[in-house]
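First to last, the sequence lines map onto chains A and B.
Just so you know, the first sequence maps onto residues 37 to 211 in our numbering.
Just so you know, the second sequence maps onto residues 276 to 796 in our numbering.
Note that the Cβ used here is the ideal one computed from N, Cα and C, for glycine as well.
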Amino acid sequence: MKSLEKIIVGCRKNKAWAQAELFEMFSDKMFGICLYYSSNKADAEDLLHDGFLKVFENINKYKSDNFDAWMRKVFVNIALMRYRKDKRMSTVEEIENVKGITNVVFENTQIHSDELLAMISKLPAQYKMVFNLYAIEGYKHKEIGEMLEISDSTSKSNLSRARKILQEQLNEYKV
Amino acid sequence: MSEQHNIDQIFSAAAKGYSASTPSGAWGRMDAVLKAKRQKRRLTIWFVSVGLGILASILGLWFYNSANNHSTIETESNIIKSNTTNFESKADNANNEITQQNITNEQATANSLNTEDLQNSNNKNIEEEIAKESIIDTQNSDIELDNSNKENTTKTINKEVAVIGLSSTNNRLPAKYSEENNADNNQTEEVAVIERVNLKSSFGIIKENSTENNIQEIVATNVIIESDSISESTQTEKTLEDNTIIDTLITEEAINPSDNVSETETEEIQKLADPVYIPNADKFKMGLFINIYAGVSLSNGASSEPYYTNFKMASSPQEYGASSPNIGFNLGFRISKKFSVSLGMKRYNHVIKGDFSMPDKRVTHINIDKFGYTSLGYYSVDNINNAMQTKNFNTVEYLREFTQTKVKLRFVEIPLNIGYNMSWKNWTLMPHLGFNTTFILSNEVQIGDDSDYYLYGEIQDLRQNIFGASAGLDFYYNTKSKLSFGLRTDFVYYLNDINTSEDFNFRPYSFLISPQISLRF
């Protein structure tokens, strides 16, 4: 396996082997992000596809040191674009047959990351987007409002409701 | 609040470290799209390059032609203007009954010149008028001019023409016209003489369309009065009847241009008269040409064992050259009578075929990064995982199904050539030498069985561009128009190894043979 630097150089030259390497290196991680921002597995696959195409197209613009973070940002932006374009994300489908590899401890209870993902996926689309952008990506309400074309207060209220729903689900899980 | 913060932290920690196995087929889908994009990019580069080349050629030709035509048009315009004025004036003043009687219909108009005018203008105007109304008759052929005392003879134009000659009474006149003229007007000294003559002159044969004063082409040049060739008037009349188009020839001696026309004027007229005018017979006329060709390129394929042999993968030890189509053009410039230089663009693939083999007990793992090798270097195969998933084969068994490899290097070449022209009648033979700059657009390794290729990869560590020396031989058949048809052959030996790897050395060569069309300007 070649170094990431060499792979990026290869991708900038549009080399097939480099693109394959990059995909192999980051596809699992990016698919995880896609699942968080999608309502079902098929959407997540589409997002993964579009995300990588965007990465290959714009890899010349990458200048920072943290390639992982840059890729993540690209994928989140693609997810936002899709969200704005397609409001049908309100239909919640349970994500099945996805096998995650991390566990989180909540109040001395080990929760498999897949369970957490399932909880998020059950949120209404807008709540989910607000919660992800705020809690996971670290954006402010003002920024989220601009991204989702909603007001700051709507963003705050959506976040609050999302937290409440998730809290209830966590409590149920604990019980 | 802390509870909310706790929830955020739980999900944030889970999400940031979360990864899920990518669905099978995701890369295949991606790869198909990327391949199509790459193909589109290559096509775009190719079409843009060709488009720019053609545009440059057209612009070059346009500039060249406009620069050439500018002076000619100006001169022509002046002559037409003066000619028209002269003709109008002469028509008004025409009182030569002899001319009207004897030169009728179409033939008469251009030659119905007032004798006095002709005399007054010291024959200069006569020359101009006739010259202006004249058209070089390039269609009539097979007449040989046997007037061997013409100094300006440089090449032979075989033509048979009818000639109307204008001369003074000092010249020998057909008795009929002279008598009639004398009877009606003692001052009339002009006569139209029509004669069938054989011509041999470089400036030669001028055809006069006298039906209308509509000058189709101003070609007056070295007008020669054939004073010795005046024939009987009966013959003249017959010729007039037979020919609707009368060619005019006046000898230099008769009009005595040295007395009345300056050398510069004579040269200008000569230039107009002959599209291939050569002021000095030894001086070559420069010109552009464009060659367009499409044919077949044959490439070499040499097998070489890598020095570095401790990798355990499939290999392709036997390789041989193959053919592929090529297409290109050259924009050339004739710099002397014999030599021409040209710059062009050529697109072709250097194709190498090989027998794919997977040595027993040597394949211990599959590494798509360095999957196998050819004499060009290592290659990787991107879609092997995909293919194996599709076929559900054991890796080794799956690979053993394959027997063939094909390496396709996509070249765009900029050839700079110098050619030496050898002509014989309508044929031209042109040996040429050149220097080529070759850009390697992309490469592809294909692996498959007898019926198809299933795995696709790329040779690694190839150079972006290489240089080559070329030699070839073109031959053409030159048609009467500006087109030539022929065959182009070109052998290119590249001066660099195509790969940067230390373990492999591959220096390609190719032989091109293709039909060619050449357009001269």
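If contacts are defined as beta-carbon pairs under 8 Å, then B/Phe-286 and A/Ala-54 qualify, I think. What distance do you get, rounded to the angstrom?
In the second sequence, the residue the question calls residue 286 of chain B occupies position 11. In the first sequence, the residue the question calls residue 54 of chain A occupies position 18. Their Cβ separation, rounded to whole angstroms, is 34 Å, which puts B/Phe-286 and A/Ala-54 out of contact at 8 Å.
Beta carbon of B/Met-705, beta carbon of B/Asn-696: below 8 Å?
Here residue 705 of chain B corresponds to residue number 430 of the second sequence, with the count starting at 1. Here residue 696 of chain B corresponds to residue number 421 of the second sequence, with the count starting at 1. Taking 8 Å as the Cβ cut-off, B/Met-705 and B/Asn-696 qualify as a contacting pair.
Given A/Tyr-175, which residues of its chain have a CB within under 8 Å of its CB, disregarding the five upstream and five downstream residues?
As a working mapping, residue 175 of chain A is identified with position 139 in the first sequence. Leu-169, Met-183, listed in sequence order.
Establish whether the CB of A/Lys-65 and some CB of chain B are separated by less than 8 Å.
Against the first sequence, residue 65 of chain A aligns to sequence position 29. For A/Lys-65, the answer is yes, since a Cβ of chain B falls inside 8 Å of its Cβ.
Contact with chain B by A/Trp-53, beta-carbon distance below 8 Å:
The residue labelled residue 53 of chain A in the question sits at position 17 within the first sequence. Yes, contact with chain B.
Does the distance between the C-beta of A/Ala-52 and the nearest non-hydrogen atom of the ligand FAD fall short of 7 Å?
Of ligands this structure carries none, so the ligand FAD is not represented either.
Would you tell me roughly how many angstroms separate the C-alpha atoms of B/Val-472 and B/Glu-688, rounded to the nearest one?
As a first step, residue 472 of chain B must be located in the second sequence, where it is residue number 197. As a first step, residue 688 of chain B must be located in the second sequence, where it is residue number 413. Model confidence at B/Val-472 stands at a pLDDT of 40, short of 50, so the residue's coordinates are unreliable and nothing is read from them.
Count the other C-beta atoms from every protein chain shown that fall within 10 angstroms of the C-beta of B/Thr-754, then say buried if there are 16 or more, exposed otherwise.
In the second sequence, the residue the question calls residue 754 of chain B occupies position 479. By the neighbour-count rule (16 or more Cβ atoms within 10 Å), B/Thr-754 is not buried but exposed.
Please state the DSSP three-state secondary structure of B/Thr-764.
As a working mapping, residue 764 of chain B is identified with position 489 in the second sequence. Strand, per DSSP.
Taking all protein chains shown into account, decide if B/Val-571 is buried (16 or more other Cβ within 10 angstroms of its Cβ) or exposed.
Sequence index remark: in the second sequence, residue 571 of chain B carries index 296 (1-based). Its Cβ having fewer than 16 others within 10 Å, B/Val-571 is exposed.
A/Glu-204 touches chain B at which residues, Cβ-Cβ below 8 Å?
As a first step, residue 204 of chain A is located in the first sequence; it is residue number 168 there, counting from the start. Chain B residues near A/Glu-204: none, gap ~11 Å exceeds 8 Å.
Is there at least one Cβ from chain B nearer than 8 Å to A/Ala-115's Cβ?
Sequence index remark: in the first sequence, residue 115 of chain A carries index 79 (1-based). No, A/Ala-115 lies away from the interface with chain B (no Cβ there is under 8 Å from its Cβ).
Count the other CB atoms, across all protein chains shown, that sit within 10 Å of the CB of B/Gly-300; report buried if there are 16 or more and exposed otherwise.
Position 25 of the second sequence, counting from 1, holds the residue named residue 300 of chain B. Looking at its Cβ environment, which holds fewer than 16 other Cβ atoms inside 10 Å, B/Gly-300 is exposed.
Given a threshold of 16 other Cβ atoms within 10 Å of its Cβ, counted over all protein chains shown, does B/Thr-713 qualify as buried or as exposed?
For the purposes of this step, residue 713 of chain B is identified with residue 438 of the second sequence, where counting begins at 1. B/Thr-713 is buried by the Cβ-count criterion.
Checking 8 Å against the spacing of the C-beta atoms, do A/Leu-195 and A/Val-166 come in under that value?
Residue 195 of chain A sits at position 159 when you count from the first residue of the first sequence. Residue 166 of chain A sits at position 130 when you count from the first residue of the first sequence. Against a cut-off of 8 Å, the Cβ pair of A/Val-166 and A/Leu-195 comes out as a contact.
Kindly indicate which residue of B/Phe-686, B/Asn-642, B/Ser-632 has the alpha-carbon position closest to the one of B/Gln-679.
One-based indexing of the second sequence puts residue 679 of chain B at position 404. Measuring from the Cα of B/Gln-679, the nearest candidate turns out to be B/Ser-632.
Are any of the Cβ atoms in chain A nearer than 8 Å to that of B/Glu-672?
The residue given as residue 672 of chain B occupies position 397 in the second sequence. No, B/Glu-672 lies away from the interface with chain A (no Cβ there is under 8 Å from its Cβ).
So the candidates are A/Ser-193, A/Lys-42, A/Asp-104, A/Glu-185; which of them puts its Cα closest to the Cα of A/Met-117?
In the first sequence, counting from the first residue as 1, residue 117 of chain A sits at position 81. Looking at the Cα atoms, A/Glu-185 is the closest of the given residues.
I think B/Ile-838 touches B/Phe-608, with their Cβ atoms under 8 Å apart; what is that distance to the nearest whole Å?
As shown, chain B starts at 276 and ends at 796. That puts residue 838 of chain B outside it, with no answer to give.
Is the Cβ-Cβ distance between B/Ser-785 and B/Ser-611 less than 8 Å?
By one-based count along the second sequence, residue 785 of chain B stands at place 510. By one-based count along the second sequence, residue 611 of chain B stands at place 336. No. Outside cutoff.
Hey, B/Gln-593 and B/Gly-652 are a contact pair by Cβ (cut 8 Å); roughly how many whole angstroms apart?
On the second sequence, position 318 is the one that residue 593 of chain B refers to. On the second sequence, position 377 is the one that residue 652 of chain B refers to. Not quite, the Cβ-Cβ distance comes to about 16 Å (not below 8 Å), so this is no contact.
Comparing C-alpha positions only, which one of B/Lys-683, B/Ser-332, B/Lys-645 sits nearest to B/Gly-596?
For the purposes of this step, residue 596 of chain B is identified with residue 321 of the second sequence, where counting begins at 1. With distances taken between Cα atoms, B/Gly-596 lies closest to B/Lys-683.
Would you report the Cα separation of B/Ile-659 and B/Arg-304, rounded to the nearest angstrom?
The sequence position of residue 659 of chain B within the second sequence is 384, counting from 1. The sequence position of residue 304 of chain B within the second sequence is 29, counting from 1. B/Ile-659 and B/Arg-304: Cα-Cα distance of roughly 14 Å.
Against chain B, which members of the stretch 167 to 181 of chain A pass a CB distance test of less than 7 Å?
Ala-171, Ile-172
Does DSSP classify A/Gly-174 as helix, strand or coil?
Against the first sequence, residue 174 of chain A aligns to sequence position 138. The answer is coil: DSSP assigns A/Gly-174 none of H, G, I, E or B.
Should B/Trp-702 go down as buried or exposed, given a rule of 16 or more other Cβ atoms within 10 Å for buried?
In the second sequence, counting from the first residue as 1, residue 702 of chain B sits at position 427. Classification for B/Trp-702: exposed.
Using only CA atoms, which one of B/Asp-772, B/Leu-674, B/Phe-686 lies nearest to B/Tyr-729?
Your numbering for residue 729 of chain B matches position 454 in the second sequence. Answer by Cα proximity: B/Leu-674.
Specify the secondary structure class of B/Thr-649 as computed by DSSP and reduced to three states.
Here residue 649 of chain B refers to the residue found at position 374 of the second sequence. Three-state DSSP puts B/Thr-649 in a strand.
Provide the residue(s) that pair with B/Glu-733 in DSSP beta bridges, ordered along the chain.
What you label residue 733 of chain B is simply residue 458 of the second sequence in a count that begins at 1. DSSP, once it has assigned bridges, lists B/Ser-655 as partnering B/Glu-733.
Write down the C-beta distance between B/Leu-758 and B/Leu-716 rounded to the nearest angstrom, noting that I regard them as a contact closer than 8 Å.
Taking the second sequence and counting its residues from 1, one reaches residue 758 of chain B at position 483. Taking the second sequence and counting its residues from 1, one reaches residue 716 of chain B at position 441. Going by Cβ atoms, the distance from B/Leu-758 to B/Leu-716 rounds to 32 Å, so no, they are not a contact pair.
A/Ser-191 vs A/Ser-75 beta-carbon contact at 8 Å
Against the first sequence, residue 191 of chain A aligns to sequence position 155. Against the first sequence, residue 75 of chain A aligns to sequence position 39. No, the pair does not count as a contact, with Cβ atoms beyond the cut-off.
Could you check whether the Cβ of A/Gly-87 sits closer than 8 Å to any Cβ belonging to chain B?
The residue labelled residue 87 of chain A in the question sits at position 51 within the first sequence. Taking Cβ atoms only, chain B never reaches closer than 8 Å to A/Gly-87, which makes this a no.
Output, in sequence order along the chain, the residues in the stretch 288 to 315 of chain B whose CB is closer than 8 Å to any CB in chain C.
Note that chain C does not occur in the displayed structure, where the protein chains are A and B.
Are B/Gln-721 and B/Tyr-731 closer than 8 Å when you measure CB to CB?
By one-based count along the second sequence, residue 721 of chain B stands at place 446. By one-based count along the second sequence, residue 731 of chain B stands at place 456. In contact: B/Gln-721 and B/Tyr-731 (Cβ atoms closer than 8 Å).
Is it true that the CB of B/Ser-745 sits closer than 8 Å to the CB of B/Gly-709?
Residue 709 of chain B sits at position 434 when you count from the first residue of the second sequence. Residue 745 of chain B sits at position 470 when you count from the first residue of the second sequence. Yes, these two residues count as a Cβ contact at 8 Å.
When DSSP labels each residue in this structure, what does A/Asn-207 get in the three-state scheme?
Residue mapping note: residue 207 of chain A aligns to position 171 of the first sequence, counting from 1. In the structure shown, A/Asn-207 sits in a helix (DSSP, three-state: H, G or I).
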